[in-house]
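**Q** Each residue of the sequence shown is one higher than the one before, counting from 166 in this note's numbering.
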Amino acid sequence: MRVLFERLADYARSQPDQVAIHGSDASGDCLILTYQALWGRIRALSETLLALDTQMIGLAGDNSVSWVLIDLAAAYAGISIVPIPPFFTADQQQHVLETARVDWVIGSLHPDVALSHASVTTLAGLPCHARDVDALPALPPAVKVTFTSGSTGSPKGVVLSAATLESVSVSLASTVSTNAVPSRHLVVLPLSTLLENMTGVYVPLLLGVTTVIPSSNDLGLIGSSQLNLNQLMSGLIRYRPQSLVLTPALLRAVIHLGEQHPGAVADLKHVAVGGAKVAPALLRAASRLGLSVFEGYGLSECGSVVSLNTSEHHCVGSVGKPLPHHRVFLASDGEIMVVGATFSGYLDRDFHPHQGVVATGDIGEFDDDGFLYVKGRKKNQLITAFGRNIHPEWIEAEAMAYSALSNMVVLGEGKDYLTAIIGSDSPEQAKQQLIQLNHQLPDYAQLRAVIFTAPFHQQPHLITANGRPKRDVFCQQFEPQLNTSAQSLLTDETLPLTAHS
166 MRVLFERLAD YARSQPDQVA IHGSDASGDC LILTYQALWG RIRALSETLL
216 ALDTQMIGLA GDNSVSWVLI DLAAAYAGIS IVPIPPFFTA DQQQHVLETA
266 RVDWVIGSLH PDVALSHASV TTLAGLPCHA RDVDALPALP PAVKVTFTSG
316 STGSPKGVVL SAATLESVSV SLASTVSTNA VPSRHLVVLP LSTLLENMTG
366 VYVPLLLGVT TVIPSSNDLG LIGSSQLNLN QLMSGLIRYR PQSLVLTPAL
416 LRAVIHLGEQ HPGAVADLKH VAVGGAKVAP ALLRAASRLG LSVFEGYGLS
466 ECGSVVSLNT SEHHCVGSVG KPLPHHRVFL ASDGEIMVVG ATFSGYLDRD
516 FHPHQGVVAT GDIGEFDDDG FLYVKGRKKN QLITAFGRNI HPEWIEAEAM
566 AYSALSNMVV LGEGKDYLTA IIGSDSPEQA KQQLIQLNHQ LPDYAQLRAV
616 IFTAPFHQQP HLITANGRPK RDVFCQQFEP QLNTSAQSLL TDETLPLTAH
666 S
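1) Can Val324 and Val333 be called in contact, C-beta distance under 7 Å?
2) Between the C-alpha atoms of Ala265 and Leu433, what's the straight-line distance to the nearest angstrom?
3) State the Cα-Cα distance for the pair His604 and Asp277, rounded to the nearest angstrom.
4) Which residues does DSSP list as the beta-bridge partners of Ala295?
5) Classify Asn554 as helix, strand or coil using the three-state DSSP reduction.
6) How many Å lie between Arg633 and Arg167 at the Cα?
7) Tell me which same chain residues have a C-beta within less than 8 Å of the C-beta of Tyr511, skipping the five on either side of it?
8) Just to confirm before moving on: does the CB-CB distance between Lys596 and Ala550 stay below 7 Å?
9) To test your reading of the DSSP string, which unbroken beta strand (DSSP E) runs of 3 or more residues are found completely within the region 444–473?
10) Measuring straight from C-alpha to C-alpha, what distance separates Leu210 and Ser469?
11) Measure how close the beta-carbons of Lys635 and Glu558 come, nearest whole angstrom, since I'm counting them as under 8 Å.
12) Going by the CB atoms, is the gap between Glu466 and Phe523 shorter than 7 Å?
13) What does DSSP give as the partner residues of Val503 in its beta bridges?
14) Roughly how many whole angstroms lie between the Cα atoms of Asp527 and Phe494?
15) Quick check: what's the CA-CA separation for Thr618 versus Ser483?
16) Assign His426 to one of three DSSP states: helix, strand, or coil.
17) Please list the terminal residues of the continuous beta strand (DSSP E) segment that includes Val481.
18) How far does the alpha helix (DSSP H) with Thr629 in it extend, from its first residue to its last?
19) Below 8 Å on the Cβ atoms is my contact criterion, and I expect His622 with Gln391 to pass it. Report the Cβ-Cβ distance as a whole number of Å.
20) What are the residues that DSSP puts in a beta bridge with Ser189?
21) Leaving aside the five residues before and after Asp182 along the sequence, list all residues of the same chain whose C-beta is less than 6 Å from its C-beta, in chain order.
22) Among residues of its own chain, excluding the 5 on either side of Thr213, which ones have a beta-carbon nearer than 7 Å to its beta-carbon?
23) Would you report the Cα separation of Gln594 and Ile587, rounded to the nearest angstrom?
24) The alpha helix (DSSP H) that contains Phe170, what's its start and end?
25) Who are the near neighbours of Leu291 in its chain, counting only those whose CB is closer than 6 Å to its CB and skipping five residues on each side?
26) Can you tell me which residues form a DSSP beta bridge with Val353?
27) Using a Cβ-Cβ cutoff of less than 6 Å, which residues in the same chain neighbour Leu217 once the five nearest sequence positions on both sides are dropped?
28) With a CB to CB cut of under 6 Å and the five nearest residues on each side skipped, what residues in its chain are close to Thr317?
29) Less than 7 Å between the C-beta atoms of Thr329 and Ala506, yes or no?
30) With DSSP run on the structure shown, which of helix, strand or coil describes Leu203?
31) Restricting to Cα atoms, I'd like to know which of Ile387, Leu356, Glu477 is closest to Val410.
32) Run through the DSSP bridge pairs and tell me what Gln391 is partnered with.
33) Could you check if Asp236 is buried or exposed, using at least 16 other CB atoms within 10 Å of its CB as the buried criterion?
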């Protein structure tokens with residue numbers, strides 16, 4: 166992270182009074198740090214961290230300026246660190262601690278997580294706990310380990326070098342047009358998510374602008390997949406951000422707020438969206454509000470971002486062109502392959518080094534202008550009884566444009582038709598929106614049956630910690646209903662559709 170800290174040192178001299186970070190500290194109080202103050206805090210805190218003689222810091226807790234200070238100080242000191250998502254279950258957090266051999270926990274974990282010792286001190290206002298652990302296997306120096314919750318629910322550790330993190334961050338900063346640099350970024354996603362860690366902290370600081378870091382509760386975010394719209398609106402009005410990084414679900418919420426209260430999004434210049442496919446209808450709705458929304462694509466193994474639409478190179482429906490730190494090509498079956506600034510390996514009880522090509526598991530294609538299009542996960546592709554190959558993520562992304570269809574999973578492997586599993590408390594509204602959705606889909610992709618169930622966040626066994634569907638669990642749970650002849654057919658002749666609960 167040499168370039169980042171050189172920039173911070175330069176900004177501390179050239180613009181000492183410019184606000185670098187504005188947000189909440191660990192106790193919830195407002196904390197504002199100028200570039201001069203931030204640079205001083207990082208260097209002082211790094212000396213304290215070095216005195217811990219730690220092999221791996223576990224950084225826990227909600228978004229805060231304190232969290233960022235520990236993250237930056239560890240990077241400056243060359244200390245390995247693993248962010249621990251607050252939305253992980255106690256078992257998942259314990260798994261992270263054991264797998265990464267965390268010997269110092271800084272921040273607060275789930276109350277059911279077992280710690281070796283009581284808090285012995287505080288750093289940047291965060292409690293610190295020492296742990297008795299085995300030695301780590303040999304890792305590259307100064308790594309960040311990010312744990313992603315897979316479909317099994319057992320997080321896996323992706324080991325990223327400081328060089329990879331820097332390469333991706335610098336590349337992202339270079340995509341921002343010099344005459345349109347947003348002066349104020351608002352951190353919305355959890356900082357334990359690599360995407361927001363990079364785009365909400367490293368990139369704004371590389372650009373010398375202000376990043377605003379309220380707690381998740383201040384913005385109405387509950388866990389990884391629930392949202393209080395009124396609190397989000399209050400946050401947008403209070404902080405008046407010029408840039409955001411969102412998931413498609415949060416983009417839909419921001420668009421809804423913008424349609425109802427235009428002032429809430431009046432200052433927004435730049436919105437990047439990732440984490441899942443974005444429906445073109447959402448992008449069109451954003452455009453009507455005057456929002457510049459740029460869809461991107463990435464994965465933890467590639468430092469979180471592989472490609473991104475920019476103000477200079479933008480094509481709706483694509484995930485942009487690959488950024489300079491990566492070379493992207495397609496395998497013979499269409500799988501997206503990435504070479505360049507990628508991960509060092511996986512960490513479980515052992516370290517499994519990685520070199521060379523990253524097989525992403527995603528199917529994609531390039532157009533003649535070099536824009537990348539992601540079709541869906543290779544393993545999720547459905548083949549219907551009529552021999553049609555369908556990526557369910559495409560249909561589910563289109564559904565995200567409809568408020569009552571945000572909790573929807575498409576099933577239909579080997580069947581004559583596709584079935585929508587919808588988690589909703591408003592089945593009548595969902596029925597009507599499902600009919601509207603079908604009118605914009607080709608016949609082979611239309612949903613000709615529906616099963617209603619409780620919202621997915623009320624059935625946590627159905628989704629990963631970051632809200633993605635566990636498709637094998639959906640198949641197991643709903644297979645009996647899929648195989649009955651009582652499914653509701655959805656055709657022009659049978660509208661309105663009848664549904665099962």
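Where a beta carbon is used, it is the ideal one built from N, C-alpha and C, also for glycine.
**A** Based on what the coordinates show:
1) Between Val324 and Val333, the C-beta gap is not smaller than 7 Å, which leaves the two residues out of contact.
2) Using only the alpha carbons, I get a separation of about 39 Å.
3) Each residue's alpha carbon lies about 49 Å from the other.
4) Residue pairing from DSSP places Ala295 in a beta bridge opposite Trp269.
5) For Asn554, the secondary structure class from DSSP, reduced to helix, strand or coil, is strand.
6) Looking at the two C-alpha atoms, the distance is approximately 35 Å.
7) Result list for Tyr511: Lys321, Gly322, Val323, Val324, His517, His519, in chain order.
8) No, they are not a contact pair.
9) Entirely contained in the region 444–473, the beta strand (DSSP E) runs reaching 3 residues are, in chain order, 458–462.
10) Using only the alpha carbons, I get a separation of about 27 Å.
11) Incorrect: roughly 14 Å between the Cβ atoms, too far for contact.
12) A small fix is needed here, since residue 523 is Val in this sequence, not Phe. In this structure, Glu466 lies closer than 7 Å to Val523 by Cβ.
13) Listed as beta-bridge partners of Val503 by DSSP are Val493, Val523.
14) One C-alpha to the other measures close to 12 Å.
15) C-alpha separation (whole angstroms): 32 Å.
16) In the structure shown, His426 sits in coil (DSSP, three-state: anything other than H, G, I, E or B).
17) Neither: Val481 is in no beta strand (DSSP E) and is coded neither H nor E.
18) Going by DSSP, Thr629 is part of no alpha helix (DSSP H) at all; its letter is neither H nor E.
19) Under the criterion of beta carbons closer than 8 Å, His622 and Gln391 qualify as touching, at roughly 6 Å.
20) Per the DSSP secondary-structure output, Ser189 pairs in a beta bridge with Cys195.
21) Thr199, listed in sequence order.
22) These residues qualify, in order along the chain: Leu288.
23) Cα to Cα, the separation comes out at about 12 Å.
24) Membership of Phe170 in the alpha helix (DSSP H) is indicated by the continuous run 167–179.
25) Spatial neighbours of Leu291 in its own chain (CB-CB distance under 6 Å, excluding positions within 5 residues in sequence) are listed in chain order as Ala191, Ser231, Ile271, Gly272.
26) According to DSSP, Val353 bridges with nothing at all.
27) Hits under 6 Å: Trp269.
28) Caution is warranted here: a pLDDT of 48 is assigned to Thr317, below 50, making its placement in the model unreliable, and no coordinate value can be reported.
29) The answer is yes: Cβ separation under 7 Å.
30) DSSP, read as helix, strand or coil, puts Leu203 in helix.
31) Each of Ile387, Leu356, Glu477 was checked against the Cα of Val410, and the nearest Cα belongs to Leu356.
32) In the DSSP assignment, the residues bridged to Gln391 are Ile387.
33) Buried: at least 16 other Cβ atoms inside 10 Å.
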